[in-house]
Amino acid sequence: MKMNIYPCSMEASRALIRYLVQKLSDAPEKVFNIAFSGGSTPLKMFDLWANEYADITPWERIRFWWVDERCVEPRSPESNYGQMKRVLLDQVGIPEEHIFRIYGEDDPKKEAKRYSDLVKKFLPIRNKCPLFDLVLLGIGEDGHTSSIFIGQEELLSSPEIYAVSTHPVTKQKRVALTGASIINAEQTIFFVTGAEKQKVVCELYLSGDINPAAYIAHRANNVEFFLDEAAAGEKDNSLFK
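All you need for my numbering is the position in the sequence shown, starting with 1, plus 70.
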């Protein structure tokens, strides 16, 4: 695991955007299939991307997929797709054929199957799993990632590509990319900011498979973290040296 640590969440966001743009620039003939997570942390990054880096991003070479989605209408403020659409996709004019959203408004089981089939149709297969070029993940304070919560560890090794998960408190259904498909990706990036995430980041780094995020971080390919100092913990970042 490589830890990239920045003074604040805005600088961590900018660094991640520049990193993604550079990856695209380094492979000018390649189309990148990227699975994006939702939530407040990437939403701020999406806003910066649209307002500060739109002109230098080769949008035509990104295919937009989702790591997970809440089972809500796309117009709902809880929709991961809806949030990204309003803040980024609409702002930079991404063609509809480059956007592959999860239909959160449909039956979760049927949608998990439909979206899995869609991924298999468009992505290459390696190790019997789809091969995303990059998966962008967050981490919840409880250690969940990709809507795979503690108590639902069967989704980490599920043979399905996408499956239905349930939020342990609200009982809201979600459609989530499973562990095997995340681990199979060419690269996995965890984007985590805020002091409330310090404890879970520290535990993940120092411990074993204590939660779904740790399980994936210890097994996925080319894992990098983009953190602000608050999430990293100590201001001198000595933990990660």
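By construction, the Cβ of each residue, glycine as well, lies at the ideal position given by its N, Cα and C atoms. Computed from a prediction, not measured in an experiment: that's the story for all the values here.
Spatial distance of residue i from residue j (CA atoms)
i      : j      : result
LYS295 : TYR285 : Here residue 295 turns out to be Phe, not Lys, going by the sequence shown. Taking the straight line joining both Cα atoms gives about 15 Å.
THR127 : SER83  : 15 Å
GLU167 : PRO200 : 19 Å
ARG133 : VAL262 : 23 Å
TRP135 : GLY303 : 31 Å
VAL234 : PHE106 : 17 Å
HIS288 : MET154 : 28 Å
ASP117 : GLU148 : 17 Å
SER277 : PRO165 : 43 Å
GLN222 : GLY163 : 37 Å
CYS141 : LEU188 : 18 Å
LYS100 : PRO77  : 32 Å
ILE280 : ILE209 : 13 Å
VAL239 : GLU211 : 14 Å
ILE253 : VAL293 : 10 Å
ILE75  : PRO112 : 16 Å
GLU122 : VAL137 : 24 Å
TYR89  : ASP96  : 11 Å
Minimum C-alpha distance to residue i - residue among the options
i      : options                        : result
GLN257 : PRO128, VAL205, GLY210         : VAL205
TRP119 : GLU81, GLU148, SER146          : GLU81
LYS243 : ALA250, ILE195, LEU193, ALA182 : ALA182
GLN268 : MET154, GLY213, SER107, ASP117 : GLY213
GLU230 : TYR185, CYS272, ASN74, MET71   : TYR185
ARG131 : ARG196, GLU175, ASP298, ILE169 : ILE169
VAL271 : ASP298, GLY249, LEU158, ASN150 : ASP298
PHE202 : PRO112, LYS72, GLY249          : GLY249
SER216 : MET71, VAL245, ILE195          : VAL245
ASN197 : SER251, LYS179, THR236, ARG145 : SER251
HIS319 : GLU139, ASP177, GLU175, PRO98  : An answer regarding residue 319 cannot be provided, because it is not within the stretch 71 to 311 covered by the chain.
LEU158 : PRO98, LYS190, LYS180, GLY108  : GLY108
PRO178 : LYS191, GLY152, GLU143         : GLU143
Pair within 9 Å by beta-carbon distance, residue i and residue j
i      : j      : result
MET115 : LEU94  : no
SER110 : ALA300 : no
ILE172 : LEU207 : no
LEU247 : PRO282 : no
LEU193 : ASN103 : yes
GLN92  : ALA124 : no
Where the beta strand (DSSP E) through residue i begins and ends
i      : result
TYR232 : 232 to 236
ASN103 : 102 to 106
GLU256 : From DSSP, GLU256 is part of no beta strand (DSSP E); its letter is neither H nor E.
ILE132 : 132 to 136
Coarse secondary structure for residue i, derived from DSSP in three states
i      : result
VAL162 : helix
ILE220 : coil
LEU297 : strand
THR66  : Limits of the chain in this structure are 71 at one end and 311 at the other, which puts residue 66 out of reach.
ILE195 : strand
LEU204 : strand
LYS155 : helix
LYS241 : coil
ASP117 : helix
ALA290 : coil
GLU143 : coil
THR248 : coil
THR215 : strand
Residue interval of the alpha helix (DSSP H) (run including residue i)
i      : result
PHE170 : No alpha helix (DSSP H) holds PHE170; DSSP gives it neither H nor E.
LYS43  : The structure shown does not extend to residue 43, since the chain is modelled only from 71 through 311, so no value can be given for it.
ASP187 : 178 to 192
MET73  : Taken as a continuous stretch (DSSP letters only), MET73 belongs to no alpha helix (DSSP H), being part of the beta strand (DSSP E) at 72 to 76.
VAL91  : 79 to 96
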